[in-house]
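Notes to accompany the following structure.
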Amino acid sequence: MNKKQEDDRYYAREELEEMGFRKLGRNVLVSRSSRLYIPEYISIDDYSIIDDFCIVSGNVELGRNVHLAHGCRLIGGREGISFADFSGLAYGVTIFAQSDDYGGDALTNPTVPMKFRKIMRARVEIGRHVIVGAGSVIFPGVLLGEGSSIGSLSMVTKSTEPWAVYFGIPAKKIKDRHRNLLELEKEYLVEQGDNTG
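So in our numbering, spot 74 of the sequence shown is number 242, and the numbers just go up one at a time.
Below is the structure:
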């Protein structure tokens with residue numbers, strides 16, 4: 169892809185500013201093929217990227233150097249989803265901060281008035297240096313601890329320990345994760361002229 173094609177693929181800075189984000193950092197890239205609902209509830213910090221076919225809805229906060237790969241879906245609702253710096257989602261990850269009750273105690277879906285529905289709502293927090301593998305699903309109320317890694321196609325229903333690798337349905341800890349990347353983060357920030365991270 170040449171520079172012109174890449175420039176056309178992402179919104180220009182002026183276009184992003186017109187959308188009215190709650191916060192818009194420096195060097196942010198947002199694909200023209202993504203869908204951002206209610207941008208005044210969305211914060212995007214420096215050097216973050218939202219790729220093609222992502223859907224971002226509700227209260228969502230992206231820290232610095234956060235990447236949402238193609239086809240991710242973030243349903244933040246009122247409670248919200250927050251991403252700490254250097255976290256990222258691989259292709260097709262879905263995160264819900266709200267969900268219908270699937271137990272049969274209430275009616276489901278938005279065609280039914282709220283008085284007949286039971287919605288589970290809870291904030292989701294993605295810690296610093298968290299990486300979530302392709303096709304994974306994160307449920308309301310989950311806190312992914314700093315440095316945790318979620319294997320592809322996992323279903324995360326409970327919070328994770330920091331610096332651990334998880335995999336499966338439901339996701340379970342399989343081993344500890346290395347922390348070598350913390351030194352690389354320091355080098356990167358020095359190169360960027362920002363040693364506040």
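Heads up, the beta-carbon is just placed ideally off N, CA and C, and yes, glycines get one too.
By the DSSP assignment, the beta strand (DSSP E) with Tyr334 in it spans what residues?
Ala332 to Phe335
Helix, strand or coil for Phe264 per DSSP?
strand
Classify Asp362 as helix, strand or coil using the three-state DSSP reduction.
coil
Hey, Arg289 and Gln266 are a contact pair by Cβ (cut 8 angstroms); roughly how many whole angstroms apart?
5 angstroms
Label Val358 either buried or exposed according to how many other C-beta atoms from any shown protein chain fall within 10 Å of its C-beta, with 16 as the threshold for buried.
exposed
Give me, in chain order, the residues of the same chain whose beta-carbon lies closer than 8 angstroms to that of Glu314; leave out the 5 immediate sequence neighbours on both sides.
Ala252, Gly295, Arg296, His297, Val298, Pro330 and Trp331
Give the range of the beta strand (DSSP E) segment to which Arg203 is assigned.
Arg203 to Tyr205
Measuring CB atoms only, is the segment 278–285 touching the segment 238–250, in the sense that at least three cross pairs come out at less than 8 angstroms?
no
To the nearest angstrom, report how far apart Arg194 and Pro308 are at their CA atoms.
30 angstroms
Look up Asp175 in the DSSP assignment and say whether it is helix, strand or coil.
helix
What would DSSP say about Glu314, mapped onto helix, strand or coil?
coil
Residues in its own chain within less than 7 angstroms of Arg177 by CB, not counting five upstream and five downstream?
Ser199 and Arg200
Quick one: Cα of Asn348 to Cα of Gly301, how far?
19 angstroms
Give the secondary structure of Lys326 by DSSP, where H, G and I count as helix, E and B as strand, and everything else as coil.
coil
Here's a check: name, in chain order, each residue in its chain whose Cβ is nearer than 6 angstroms to the Cβ of Leu321, leaving out the five neighbours to either side.
Gly303
Hey, how far is the Cα of Val234 from the Cα of Ile223?
15 angstroms
Going by beta-carbon coordinates alone, are Val333 and Ser317 separated by less than 9 angstroms?
yes
Distance, Ile212 Cα to Ser255 Cα:
13 angstroms
With a cut-off of 8 angstroms on the beta carbons, I'd call Arg232 and Ser250 a contact; round off their distance for me.
With 8 angstroms as the limit, Arg232 and Ser250 do not qualify as a contact, their Cβ atoms being about 13 angstroms apart.
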